[in-house]
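Chains as they are written, first to last, in this note's numbering: chain G, 18 to 226; chain W, 18 to 226.
Beneath this line is the structure, given in structure tokens, with notes to follow.
Number of protein chains: 2
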Amino acid sequence: MTATERRTQAQRREGTIGALLEATVTCLTERGYAATSTAAVCAEAGVSQGALFRHFPTRQALLVATAEHVATRNVAAFRATTGGAAVDSVDDVADVLAHLRQAVLSPTNQTWRELLVAARADADLREALLPAREVLHTQMRDVAADLWGDRLSADDLPAVLSIVVNMLDGLAFSALDPDPAAAPGRTVERALRLLAELIVHRYPEQEPR
Amino acid sequence: MTATERRTQAQRREGTIGALLEATVTCLTERGYAATSTAAVCAEAGVSQGALFRHFPTRQALLVATAEHVATRNVAAFRATTGGAAVDSVDDVADVLAHLRQAVLSPTNQTWRELLVAARADADLREALLPAREVLHTQMRDVAADLWGDRLSADDLPAVLSIVVNMLDGLAFSALDPDPAAAPGRTVERALRLLAELIVHRYPEQEPR
DNA sequence: CCGCTTAGAGAGCAAGCGCTCACTATCTAT
DNA sequence: ATAGATAGTGAGCGCTTGCTCTCTAAGCGG
Chain G
18 MTATERRTQA
28 QRREGTIGAL
38 LEATVTCLTE
48 RGYAATSTAA
58 VCAEAGVSQG
68 ALFRHFPTRQ
78 ALLVATAEHV
88 ATRNVAAFRA
98 TTGGAAVDSV
108 DDVADVLAHL
118 RQAVLSPTNQ
128 TWRELLVAAR
138 ADADLREALL
148 PAREVLHTQM
158 RDVAADLWGD
168 RLSADDLPAV
178 LSIVVNMLDG
188 LAFSALDPDP
198 AAAPGRTVER
208 ALRLLAELIV
218 HRYPEQEPR
Chain W
18 MTATERRTQA
28 QRREGTIGAL
38 LEATVTCLTE
48 RGYAATSTAA
58 VCAEAGVSQG
68 ALFRHFPTRQ
78 ALLVATAEHV
88 ATRNVAAFRA
98 TTGGAAVDSV
108 DDVADVLAHL
118 RQAVLSPTNQ
128 TWRELLVAAR
138 ADADLREALL
148 PAREVLHTQM
158 RDVAADLWGD
168 RLSADDLPAV
178 LSIVVNMLDG
188 LAFSALDPDP
198 AAAPGRTVER
208 ALRLLAELIV
218 HRYPEQEPR
């Protein structure tokens, strides 16, 4: 009946671990941190609680593993969509910002944000997430440097990065409706356009003053 | 011994309700949403659980009342510090942004943010928070209009507002360390300066193009 | 002073939580 | 084939949660 039955131990292991991580991601995005109980994750993954606690000694370990599993994925995805894109005109930069907005609003990034918020109230989790945070941080710095490193000064680059990602993160937080269809009007588009102008105007050739 | 003993029923009522709201604020800011249990709030307020559930039918009712209690306070405080301030030069606007940053990072605003995040995973709470959200939103729009209404176009004003408050909110979320002393360097100052330049450059007289 | 209503106390309950443990199923090395 | 290791099950334990309920304390109108 069932097609592939015979699996090595390592395959079984990786299979359920992967299922658990994926289940944790979906639970976090659509239920939030508090409601992501071990029972809920196991139900979502189609696995018993014993299986979970065989591979992860504690709930927090599962969450940290999920964080690390998810942290760098979006940076890679964003790099893939904007690799080698031009950033000369305001329209070019606005394009990049639109892609970045999509990346920030993606479910995996939503997962990451949920964990960051929970870490604020939980010192242990905060410490456990620190390495992943640093990895993500340097990756974003690298992406920014690849995009604008030779156009913006060493002072402006981190400042622009801070403005853009914090603004998009804040946007993701204040957009309460979980479904992404609820469009908040064209204000956001206008805002991103202004940011694109800000960035291009900092280019040395056409610095406004 | 004890000085003022005789209190009318209304005084007693308002006293414990106020204590409960204050206790909820401090619990939310220093423990987070999940750990703000009714027991914790009662302990912080020096009141029994029975007292809490006499005045608030449910935990959520307490949280919503706290949200409404806190929502408009910061707008008023911000208005007080920047009332009638000049916004002509880049320095003027940077000053206003610095004050706004202080307001956004304040404990009561932290409380508000905690509730907003929790509302994302809880449909009931989301709906209950909606009126307060709208009040806050129009108040912020009014403040922005008072500050920059006659300098920025009707298109730019909401966009600028979105950039600034979302950026500061995102900053508050990603600054994980609960103590405000952990300075992330001068990047934020630089970022706010760039935003101030962006705003002033949108003034019609000196529009760059 | 006395009946009535409201404020407050605090033990206790059902439900859900993270996690354990005794057990079975499956793979692997001899 | 068989023994040992690893993967997976699911009942259940101790604990915390939001909330209820009974009871006492206190203000109020007559």
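Heads up, the beta-carbon is just placed ideally off N, CA and C, and yes, glycines get one too.
Since the model is a prediction, treat every value here as computed from it, not as a measurement.
- By the rule that beta-carbons nearer than 7 Å mark a contact, D186(G) touches chain W.
- In the three-state DSSP reduction, P124(G) falls in the helix class (H, G or I).
- Within its own chain, the residues whose Cβ lies closer than 7 Å to the Cβ of T53(W), once the five positions on either side in sequence are excluded, are T41, C44, L45, listed in chain order.
- The Cβ-Cβ distance between V107(W) and A213(W) falls below 7 Å.
- At a Cβ-Cβ threshold of 7 Å, R158(G) and Y220(G) do not count as neighbours.
- With distances taken between CA atoms, A189(W) lies nearest to V134(W) out of D173(W), A149(W), A97(W), V134(W).
- Taking C-beta atoms under 8 Å as the contact rule, L142(W) and V92(W) fail to qualify, at a distance of about 22 Å.
- Apart from sequence neighbours up to five positions away, the residues of its chain that approach F95(W) with a beta-carbon distance below 8 Å are H116, L117, A120, V160, ordered along the chain.
- Across the set D109(G), V205(G), P148(G), the C-alpha of V205(G) shows the shortest separation from the C-alpha of D186(G).
- Here A88(W) really is in contact with A149(W); their C-beta atoms are around 5 Å apart, less than 8 Å.
- A direct Cα-Cα distance of roughly 15 Å separates E31(G) from S65(G).
- Within 10 angstroms of the beta-carbon of Q26(G) lie fewer than 16 other beta-carbons, which makes it exposed.
- Residues of chain W whose Cβ lies closer than 9 Å to the Cβ of V58(G) do not exist; the shortest such Cβ separation is about 15 Å.
- For D139(G), the secondary structure class from DSSP, reduced to helix, strand or coil, is coil.
- Residues of chain W whose Cβ lies closer than 9 Å to the Cβ of A138(G) are, in chain order, E47, R48, G49, Y50, A51, A52, E131, P195.
- Within the region 205-217 of chain W, those residues whose Cβ lies closer than 7 Å to any Cβ of chain G are, in chain order, V205, R207, A208, L211, L212, L215.
- Within chain G, the C-beta atoms nearer than 7 Å to that of R143(W) come from L193, in chain order.
- In summary, D105(W) is exposed, with fewer than 16 beta-carbon neighbours lying within 10 Å of its beta-carbon over all protein chains present.
- Counting only residues of its own chain and dropping the five nearest sequence neighbours on each side, L38(W) has a CB closer than 6 Å to the CB of T83, H86.
- Within its own chain, the residues whose Cβ lies closer than 8 Å to the Cβ of F73(W), once the five positions on either side in sequence are excluded, are L37, L79, A82, listed in chain order.
- Around the beta carbon of R210(G), 16 or more other beta carbons lie within 10 angstroms, which makes this residue buried.
- Within chain G, the residues placing a beta-carbon under 9 Å from that of P175(W) are G202, T204, R207, A208, ordered along the chain.
- A208(W) places its beta carbon less than 7 Å from that of S179(G).
- 7 Å or more divides the Cβ of L132(W) from the Cβ of R137(G).
- Under the Cβ distance rule, S123(G) does not count among the residues neighbouring chain W, no pair being separated by less than 7 Å.
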